[in-house]
Each structure stands twice: as C-alpha cells, then as structure tokens.
Amino acid sequence: MRRAGITFLLGLLPLFFILGSLHFGRMGLSLSEVWASLFGGEVSETVRALVLRVRLPRVIAASLVGVN
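In case it helps, our numbering puts the sequence shown at residues 32 to 99.
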C-alpha cells in the first residue's frame, strides 16, 4: 500500500508542475483563471491568449524535452 501511494503521488507531481507553470509568470494569473482558460470558462481574451498561445505551448514543449 505504501509503495502504491508513493507511485500515485509521483504520478501527480508532473501535473502540479504543469499547473504551476501555467499559473506563475510575469503576469500573475489565479488558478481559477488558468482553469477557466483551459476548459472554456469566462475569462478575458488576454488571459485566454496568454494561457493557450504562450504558456501552454511552452509547458508542452518543456515536458516533451524532459521526457526525452
């Protein structure tokens, strides 16, 4: 049981890092703004563009480089 719990937490760790990378930056965004941008909620077009066109591609590219 203990080993399964550690494996589960290690599996969630990259998700927390990805969410943190989308949250932190030069223009501070709340987690609710990031979440709404990703899943079609109500946010300004500036915030949506920042998350979907700038931060998300960078996070995906960094994740792919990290996997290799």
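Note that beta-carbon positions come from the ideal geometry of N, C-alpha and C, so glycine has one too. Quick caveat: nothing in here was measured; it's all calculated off a predicted structure.
Between the CA atoms of residue j and residue i - distance to the nearest angstrom
i   : j   : result
I49 : P88 : 11 Å
L46 : L53 : 11 Å
R57 : A92 : 19 Å
A71 : I37 : Correcting the residue identity first, residue 71 is Gly in this sequence and not Ala. Going by the C-alpha atoms only, they are around 33 Å apart.
V90 : L40 : 20 Å
G59 : G97 : 25 Å
6 Å CB neighbourhood of residue i in its chain, flanking five on each side removed
i   : result
E64 : V74 and V78
Own chain partners of residue i with C-beta closer than 7 Å, once the 5 adjacent residues on each side are dropped
i   : result
L83 : S68
Other residues of its chain near residue i: CB distance less than 8 Å, five sequence neighbours each side excluded
i   : result
L62 : L50 and H54
R86 : S52, L53 and G56
- Task: Could you say if the segment 73-93 and the segment 32-39 meet the contact criterion of at least three C-beta pairs nearer than 8 Å?
- Result: Segments in contact, no.
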